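Under UniProt numbering, the final residue of the sequence shown carries the number 954; numbering is consecutive throughout. Positions of the beta carbon are idealized from the N, C-alpha and C atoms, including for glycine. What you are looking at is a predicted structure, and each value in this text was computed from that prediction instead of being measured.
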Amino acid sequence: MANEGISINSTNAEFGGGDTETVVGVNRKEKAPLLSQRRLFRSLSGRDISSNGSEGSNPKRTLGTFGGVFAPVCLSQFSSLLFLRVGFIVGNLGLLVACGSLTLAYAILLFTILSICAISTNGAVEGGGAYYMISRTLGPEFGGAIGILFFFANVFSSALYTTGCVEGLVDNFGESGSLAQFLLDGKWYQFGYGSAVNVFNMLVCLIGAGLFAKLTVVIYAVVLICTGSVILSYLVEHDAISVPIPSSNPIVNDTHPLNGTYTGFSAKTLRNNLYINYSHDYTNCDDDENYSTCISVNFAMTFGVLFSGVTGIMAGANMSGEMKDPGRSIPRGTLIAVLFTFATYLLLFVLTAATTERFLLTNNYIFMMGISLWKPFITIGIITATLSASLSNIIGSSRVLEALVKDNIYGRLTHFIGLMSIGSNPIGAVIVSAILVEAVLLIGGLNQIAEFTSIFFLLSYLGTNLACLGLEWASAPNFRPTFHYFSWWTSVLGMIGNGAMMFVISPSVAAICIILLLVLIIILHLRSPSEEHQWGSISQALIFHQVRKYLLLLDSRKDHVKFWRPQMLLLVNNPRSACPLIDFTNDLKKSGLYVLGHVKVGNFDDDSKDPAAQDYPKWMALVDHLKVKAFVEVTVAPSVRDGLHHLARVSGLGAMKPNTILLGFKDNTPSQDFFTRYEISASFSYGSIAAETEENAQLGDSSPFNVSSYQATSPVSSSPSLLTQASATSSRITTEEYVKMILDVLNLGKNVCVCRHFHQMDKAAMFRKGNKQKYFIDVWPVDFLNPDDSNIFGTTSLFLMQLATILNMVSSWRKKTMLRVFLCVSSRDADPEAQKTQVKKMLQELRINATIVSVPWDHVTTHLHKDGDGGHSDAEAETNMNYLSRLNEEYINGVNGLISGQSVDTAVTFLHLPCPPANPALHVDYLRLLTSITNGLKPTVMVHGISAVTTTNL
1 MANEGISINS TNAEFGGGDT ETVVGVNRKE KAPLLSQRRL FRSLSGRDIS SNGSEGSNPK
61 RTLGTFGGVF APVCLSQFSS LLFLRVGFIV GNLGLLVACG SLTLAYAILL FTILSICAIS
121 TNGAVEGGGA YYMISRTLGP EFGGAIGILF FFANVFSSAL YTTGCVEGLV DNFGESGSLA
181 QFLLDGKWYQ FGYGSAVNVF NMLVCLIGAG LFAKLTVVIY AVVLICTGSV ILSYLVEHDA
241 ISVPIPSSNP IVNDTHPLNG TYTGFSAKTL RNNLYINYSH DYTNCDDDEN YSTCISVNFA
301 MTFGVLFSGV TGIMAGANMS GEMKDPGRSI PRGTLIAVLF TFATYLLLFV LTAATTERFL
361 LTNNYIFMMG ISLWKPFITI GIITATLSAS LSNIIGSSRV LEALVKDNIY GRLTHFIGLM
421 SIGSNPIGAV IVSAILVEAV LLIGGLNQIA EFTSIFFLLS YLGTNLACLG LEWASAPNFR
481 PTFHYFSWWT SVLGMIGNGA MMFVISPSVA AICIILLLVL IIILHLRSPS EEHQWGSISQ
541 ALIFHQVRKY LLLLDSRKDH VKFWRPQMLL LVNNPRSACP LIDFTNDLKK SGLYVLGHVK
601 VGNFDDDSKD PAAQDYPKWM ALVDHLKVKA FVEVTVAPSV RDGLHHLARV SGLGAMKPNT
661 ILLGFKDNTP SQDFFTRYEI SASFSYGSIA AETEENAQLG DSSPFNVSSY QATSPVSSSP
721 SLLTQASATS SRITTEEYVK MILDVLNLGK NVCVCRHFHQ MDKAAMFRKG NKQKYFIDVW
781 PVDFLNPDDS NIFGTTSLFL MQLATILNMV SSWRKKTMLR VFLCVSSRDA DPEAQKTQVK
841 KMLQELRINA TIVSVPWDHV TTHLHKDGDG GHSDAEAETN MNYLSRLNEE YINGVNGLIS
901 GQSVDTAVTF LHLPCPPANP ALHVDYLRLL TSITNGLKPT VMVHGISAVT TTNL
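Set out below in structure tokens:
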């Protein structure tokens, strides 16, 4: 299809037409991406997916529900809490508050799990766990920020459980160990033991996920046996047992007795353990010899320890990249594991409160050793539970980091990590994770690390709930997870619970984490990772949902002049030379609708591809480049006039329809290429204006619209430089067709603005900070082709003043410009001062702050009356064939000189545009007169209004 352009003055914003060159070497984007995504259909249908980082046939995906989700989640949930902190929680909180806190923690987790299940069953899930789910839902900025915090959550959690493992080793094999005394004790010795555990975890991870899964199942079996032995011990030990307080507890040196008592099932013991009674944390003291220097326990600390011990719900999701069927395994395995661990903890809390004195619970955290049927069971349980949990978290953190590296979210900062991967094993990510765990181990005790761990996880879970809530609220048809047991209110409750608990645990740490999250989001937004990733952002879906809803509420039948605003449709042929006018119209719209319209001249055949759709991305890139708030409409039509009809009728949506159409002017001014700021040689046959051409040639190379500064906002964005100027051989629109287009706009019930000389507008120079010159916005409300005193109070004149006032209300224009209304006075007027007073009163009533300038024009009207009477109405002008011919050259040149003489410091001039004659024979004369009146003027807008736009009423 051969598309034809239009040889109209592109400098002043073209009104349609023009083809766009085919750019060699640019691959066209797939127009039906779903049809090419075979992997998507396979995943949705439950079939295996290709091995390119996907599920099913990939032999590297070996994990099932039990080994990949259930066992890791159970071990992470048990972790250090099961054998090391049950006494600490029950002893300080009491049974009632402990059970309530446990229920609250698991309720928060349950709401988050429901969100995880919903997201993970809505499509193929790749590696990265929470990061993958959040980033693919909320976009790369939010996902990348949450992802790095989730990575650190796993790092801190691994360090937490490593510290728990070391604590178990020292309590059992240290200088005062209950089983043996061969390990040296002390801060740096414990750090060394933690480093050894960390190195072991790193080696297991380096070998691969297969070994981790096998090791997890074995460890889970061992932990299950050890847990069963504890429960059995509670049930069979009916006699009182004295359990020694460890010598590492400073209370041993201060008070007696040195033993705590296991009473067996006792109503008295249960009553004493029902309520809160805070003590000191003997593992965190300023002076190891003075019990009073130990940190006092409070609810925040206790809940932080409790919650940090049960935050392992993502242990399975983190391994999604190694699962055979993550969409099925993650929901089932996670839910079953959470229910199982909750029941286990609840049973242990009740058994502990009913059998063990509070003194023993708060001063010997491994009191279970003293009541176990076989003490090594507890030791084995502590070591295996904490070791497996730390191992699970370090491998989880490495997978999250690997996903961040693959997505290139942080660019060069993490690029080196991806270079060290071998096959599917992220060697570099594992090593970096282990190094960071080592650094966290320097913080010290388990309870201190627990605060950071809990808040990092809570923030990650809050993001997961937010992602699910956004998907649910967006009501996107493609959000139809196979997991149905969730709702928007479960996501809201999950968000509220996670957010509240963050500040309960530690307000200061929570505030720091939130600030860090916001900083990361801002950094990633400025870096614009969305340039590289088209995952789809939930914000776009939510915006669409809300905009549709409010557009339906916007009723055009309820429009009132009091709330009128300009809704612009600017027709552009050559965007390269229309940049100043596009930018100017953006200022003129006053928060109204702004549409850039373009007509591609040609015929759309049934078997051809839509050329308008192919050009649309380039026009969107132009909008981004010029930073204007505009929509784009591109249509294909046999002629520009037909295309104008299309755009005038169908642009906009609902009650948001253009009420004002702006056209460029048809003249012979050479076009300017503002993309590169050089003059395009004129190929027009109208003859050039020497003064303008010389001025244009001196514009230089610099331009605020130069495409060299363009930065794409999307990987599918085309550069605006691909939008080409009209071809020299393109067809030219005739004068008759151009004038008919102006008439068509009025017949369609739209206001019309014809713009000329906007290639001269240099806003950057006018509004430069050091420029103290004052400019003017000039309004000439007189219809110079049919002068009449009543013109200045007509609809068009009021529309002129309204547009000028709107422009002057824009902050940048208000600072540098003043509004002037020119009143042409004649000696034949009965009372010129009364007329000026009347205009001043009208401006005051309309709240228009303008200076009225009276301009004598007897020397101009003298030429008008040589050939006859010029005071005709529009109706008379339509029927009088000689009406325009009586406006001789002397009169027209006089009007031009009158305006020019007042425009030395003018920024833009608004003129009254007469209604075009209906007789086509007069169209050439009509355009000739408009051309003569505006020759040599500053940027000019000729306006004709047909509807009321302002009112004096409230």
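As summarised for the stretch 423–458, the continuous alpha helix (DSSP H) elements at least 4 residues long and confined to that stretch are 427–440, given in chain order. Where H863 is concerned, the enclosing alpha helix (DSSP H) starts and stops at 858–864. For the beta strand (DSSP E) assignment, the stretch 56–135 encloses no uninterrupted run of at least 3 residues. Considering only D778, N272, R641, H484, the residue with the shortest C-alpha distance to A118 is H484. Buried is the label assigned to M495, since at least 16 other Cβ atoms lie within 10 Å of its Cβ.
Under the DSSP definition of a beta bridge, D610 lacks any partner.
Looking at the DSSP output, H280 bridges to S296. By the neighbour-count definition (other C-beta atoms within 10 Å, threshold 16), F156 is a buried residue.
Taking C-beta separations shorter than 8 Å and ignoring five residues to either side along the sequence, the partners of F66 in its chain run V217, G333, following chain order. Taking G643 as the centre and dropping the five residues before and after it, the same chain places the C-beta of G16, V599, T635, A637 closer than 6 Å to its C-beta, in chain order. Nearest to S854 by alpha-carbon distance, out of Q835, L843, L232, is Q835. Within the stretch 199–262, the beta strand (DSSP E) runs of at least 3 residues that lie entirely inside it are, in chain order, 241–244, 259–262. Between the C-alpha atoms of I427 and I245 there is a straight-line separation of about 44 Å.
Annotation: W564 is outside any beta strand (DSSP E) and is labelled neither H nor E by DSSP.
When secondary structure is reduced to three states using DSSP, S421 falls in the coil class, being assigned neither helix nor strand. Taking a C-beta distance under 9 Å as the contact criterion, V223 and L82 qualify as a contact pair.
DSSP places G497 in the uninterrupted alpha helix (DSSP H) bounded by 488–505. With fewer than 16 other Cβ atoms from the protein chains shown falling within 10 Å of its own Cβ, T851 counts as exposed. Unbroken alpha helix (DSSP H) stretches of 4 residues or longer found wholly inside the stretch 563–644: 579–588, 611–626, given in chain order. Going by beta carbons, M568 and L662 fall inside the 9 Å limit. Where H923 is concerned, the enclosing alpha helix (DSSP H) starts and stops at 923–934. In this structure, L466 lies away from S433, with their beta-carbon atoms at least 9 Å apart. Secondary structure of N808 (DSSP, three-state): helix. DSSP places D831 outside both helix and strand once states are collapsed to three, so it counts as coil. DSSP lists R756, T909 as the bridge partner or partners of T940. C-alpha of D673 to C-alpha of R576: approximately 5 Å in a straight line. Of the candidates L95, F88, E141, L63, the residue whose Cα lies closest to the Cα of L526 is E141. One alpha carbon belongs to G139, the other to E126, and they sit about 16 Å apart. The beta carbon of S76 sits closer than 6 Å to the beta carbons of G312, A315, A389, S392 from its chain, once the five residues preceding and following it are set aside; these are given in chain order.
Burial is judged here by how many other beta carbons sit within 10 angstroms of a residue's own beta carbon; A213 has at least 16 and is buried. In the DSSP assignment, the residues bridged to L823 are S854. The stretch 761–774 makes no contact with the stretch 802–809; the number of CB pairs closer than 8 Å stays below 3.
Counting C-beta pairs closer than 8 Å gives fewer than three between the stretch 586–602 and the stretch 553–562, which falls short of the contact rule. The C-alpha of G208 lies about 12 Å from the C-alpha of A429. The DSSP-derived three-state label of Y193 is helix. L459 sits close to M502, with the two beta carbons spaced by under 9 Å.
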